[in-house]
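Each residue of the sequence shown is one higher than the one before, counting from 114 in the numbering used here. Built from N, CA and C at the ideal position, the CB exists for glycine as well. Since we're looking at a predicted model, the values are computed, not measured. Okay, structure first, notes after.
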Amino acid sequence: MEAAQLPWIPLGTLLVRAGLLTPHQLENALADKEASGRRLGEIVVDLGWVTPRALARALAEQYGLEFLDLAEVEVDGRIASRLPETLARRYEALPVKALGEKLLLVAVSDPTNVVVSDDLRLALGANLQFAVVARPDLERAFNRHYRTEITISESDVELSIVQDEDLQNLEEAAGAPTINLVNSLLHRAIEDGASDLHFEPQAREMLVRARVDGVMRSVVSIPRHMQASVVSRLKIMGDLDIAERRMPQDGRVSVGFGGQPIDIRMAVLPSTHGEQVVLRIFHRGLERFSLGDLGLTGRTKSDLDHALRQPYGLIICSGPTGSGKTTTLYGALDALNTDGRVLQTIEDPVEYQIPGIVQVEVNQKSGLTFARGLRALLRSDPDVLLVGEIRDEETARIASTAAMTGHLVLSSLHAHSASSSIARLRDLGVEPGLLATSLNCIIGQRLVRRLCRSCRQPFTPSAEERQELALAASGEEVVLYRAGGCLECSETGYAGRTALYETMPVEGKLRRLIDASTEEIFAAAVAQGMTTLRADGIRRCLDGTTSIDELRRVTGDRLG
114 MEAAQLPWIP LGTLLVRAGL LTPHQLENAL ADKEASGRRL GEIVVDLGWV TPRALARALA
174 EQYGLEFLDL AEVEVDGRIA SRLPETLARR YEALPVKALG EKLLLVAVSD PTNVVVSDDL
234 RLALGANLQF AVVARPDLER AFNRHYRTEI TISESDVELS IVQDEDLQNL EEAAGAPTIN
294 LVNSLLHRAI EDGASDLHFE PQAREMLVRA RVDGVMRSVV SIPRHMQASV VSRLKIMGDL
354 DIAERRMPQD GRVSVGFGGQ PIDIRMAVLP STHGEQVVLR IFHRGLERFS LGDLGLTGRT
414 KSDLDHALRQ PYGLIICSGP TGSGKTTTLY GALDALNTDG RVLQTIEDPV EYQIPGIVQV
474 EVNQKSGLTF ARGLRALLRS DPDVLLVGEI RDEETARIAS TAAMTGHLVL SSLHAHSASS
534 SIARLRDLGV EPGLLATSLN CIIGQRLVRR LCRSCRQPFT PSAEERQELA LAASGEEVVL
594 YRAGGCLECS ETGYAGRTAL YETMPVEGKL RRLIDASTEE IFAAAVAQGM TTLRADGIRR
654 CLDGTTSIDE LRRVTGDRLG
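Structure follows, in structure tokens:
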């Protein structure tokens, strides 16, 4: 790409000169470059030594180009649309705005690719001035400006008017316009990282909402006339009976998105104004989860590490739906996954595929339940077992018994907290004596949204807020943060989520309290040094990770 005529300075020299790398780090990175053939910039970013934006600034300086912060620049949608999305992503380039009648400003992440500049000139039919942007910023801009807009035209409405009793019309109505609409909604939900997509029938319309970072967002309102065809299209995708509209149905469908498999679970429920459809979205790619990435600290981390070092016993991860239990369990599996152990799982569904582990998926239609699959796994000589969820008495008993007979068993359980998990297991029919001898550790967790680092707003807490955070008696100056709103976080003030944890080792006095009330168990756990969910949440407020409002939303109004 054309650049100003400046003395050539190697990228490594620029990074060291700017204080972004030490000479020793540069030496190691260059050795890695020689061995792997990867680019120096890619290596130092992957190692966490240099941020993508800092790298982009250095590349801009190296090639005599402008550095562009897309969060602070308004992209002209008409100009951006002149380059098709496929070419934009292939060339990693985005037209930003017109600088003159035949001159466009184009943002690129790789200024070294000379061939791209010629292709872009031909594609855009104009002279180009290039600016360097960080690759993650460019990807966000692609998602923002090339997102398929969801529009519902009058012709779509006309095509979708059907009689409920006419099955043939329902099948025909779920044709091209409806398919395009449903595909657009799924595309947006997956792109936004939604965990659930709801189609909710109302008296005059069908509301479509998505759950992103644990919070519902409105997506679009579909006219009442289109409801039947949209539901029919979804049922066809899930291989469900479109003629059955009085009974709940469950289905599933797998789709591809960005080269990754996406598994979608579908639940159809008859309601007053028609059938509600809820899609649960699972990303089934090959992932690696490390306990070090989960944010466990101090006593909470050491208690879990100790439990995982035991040769046998039951480790339970508890919390409501969508609280990150599976991610925590996969992190534990990663810590246990060595050549000296056999690890096996029974899950519904297998959310992430992990190399080196035998993973079995529950299939209710064929009779492969958690209990039956767990029995089969126990005959396959495992050292470590992961049971996706304890839902019934039979599975709870088999898992507890397996933990007593030389296996380390990990599982999840729907319960409010670590201390209430014991009562939940008793309610499922597991004898207190069996629990006392099999339980190693119980983890309680919740997910809170992370404040967006680009727009979070500092403030000094009031006296009431200091009291909520147990800081009333302290004269220490404290700065907290609240949500703002910017392009990077879609004006929500939050970007991503992190987990709050409490770990309760079942040992000493707690083993003798297995048959006690939840309140007694909680008091004994705190006396033994357990950091509670609320205490962990207060820590995350004080370090600027989340806000008091978010902590209240997740744990309740009382923080004490």
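Hey, residue i and residue j are a contact pair by Cβ (cut 8 Å); roughly how many whole angstroms apart?
i: Thr-458; j: Gln-472; result: 5 Å
i: Tyr-594; j: Gln-570; result: 6 Å
i: Pro-224; j: Val-209; result: Their Cβ separation, rounded to whole angstroms, is 15 Å, which puts Pro-224 and Val-209 out of contact at 8 Å.
i: Val-381; j: Val-390; result: 5 Å
i: Val-343; j: Leu-294; result: 7 Å
i: Leu-538; j: Leu-548; result: 6 Å
i: Arg-637; j: Lys-622; result: Residue 637 is actually Ala in this sequence, not Arg. 5 Å between Cβ atoms; contact.
i: Cys-554; j: Ile-634; result: That pair is no contact at about 14 Å.
i: Arg-330; j: Arg-337; result: So it is not a contact: roughly 22 Å between Cβ atoms.
Quick check: what's the CA-CA separation for residue i versus residue j?
i: Arg-625; j: Thr-659; result: 37 Å
i: Gln-175; j: Ser-222; result: 13 Å
i: Arg-412; j: Gly-650; result: 15 Å
i: Ala-173; j: Leu-392; result: 44 Å
i: Leu-241; j: Asp-447; result: 48 Å
i: Pro-197; j: Thr-611; result: 36 Å
i: Met-76; j: Val-332; result: The chain is shown from 114 up to 673; residue 76 falls before or after that span and cannot be answered.
i: Arg-559; j: Ala-648; result: 12 Å
i: Gly-557; j: Thr-199; result: 44 Å
i: Leu-347; j: Gly-364; result: 10 Å
i: Ala-414; j: Gly-190; result: The amino acid at residue 414 is misidentified as Ala; the sequence shows Lys. Roughly 48 Å between the two C-alpha positions.
i: Gly-408; j: Glu-615; result: 12 Å
i: Val-463; j: Thr-573; result: 45 Å
i: Glu-604; j: Ala-512; result: 45 Å
i: Glu-304; j: Glu-632; result: 43 Å
i: Leu-613; j: Thr-645; result: 9 Å
i: Asp-418; j: Ala-239; result: 60 Å
i: Leu-139; j: Leu-218; result: 33 Å
Buried or exposed: where does residue i fall if 16 or more other Cβ atoms within 10 Å of its Cβ makes it buried?
i: Gly-432; result: buried
i: Arg-152; result: exposed
i: Ala-316; result: exposed
i: Arg-492; result: exposed
i: Ile-122; result: exposed
i: Phe-243; result: buried
i: Lys-215; result: exposed
i: Arg-563; result: buried
i: Thr-518; result: exposed
i: His-520; result: buried
i: Asp-416; result: buried
i: Leu-664; result: buried
i: Ser-525; result: buried
i: Ser-479; result: exposed
i: Thr-434; result: exposed
i: Pro-618; result: buried
i: Glu-581; result: buried
i: His-258; result: buried
i: Ala-484; result: buried
i: Met-379; result: buried
i: Pro-290; result: buried
i: Ile-661; result: buried
Please state whether DSSP places residue i in a helix, a strand or coil.
i: Lys-414; result: helix
i: Asn-553; result: strand
i: Ile-156; result: helix
i: Gln-175; result: helix
i: Gln-641; result: coil
i: Glu-313; result: strand
i: Pro-571; result: strand
i: Ser-342; result: helix
i: Ser-660; result: coil
i: Asp-628; result: coil
i: Ile-292; result: helix
i: Cys-654; result: helix
i: Leu-364; result: What sits at residue 364 in the sequence shown is Gly, not Leu. If DSSP states are grouped into helix, strand and coil, Gly-364 belongs with the strands.
i: Thr-72; result: In the structure as shown, the chain begins at 114 and stops at 673. Residue 72 is therefore absent and cannot be evaluated.
i: Arg-330; result: strand
i: Glu-577; result: helix
i: Gly-132; result: coil
i: Ile-349; result: helix
i: Val-543; result: coil
i: Pro-336; result: strand
i: Val-163; result: coil
Which runs of the beta strand (DSSP E) spanning at least 3 residues fall entirely within the stretch 589 to 621, listed in chain order?
Counting only runs of 3 or more, we get 593 to 595 and 607 to 618.
At which residue ranges does the stretch 377 to 409 contain complete beta strand (DSSP E) runs of 3 or more residues, listed in the order of the chain?
Fully enclosed beta strand (DSSP E) runs of 3 or longer: 387 to 396.
So within the stretch 475 to 515, which uninterrupted alpha helix (DSSP H) runs reach at least 4 residues, ignoring any that extend past its ends?
Runs found: 483 to 491.
Any beta strand (DSSP E) of 3 or more consecutive residues that is wholly inside the stretch 165 to 242
The stretch 165 to 242 contains these whole beta strand (DSSP E) runs: 206 to 213 and 216 to 221.
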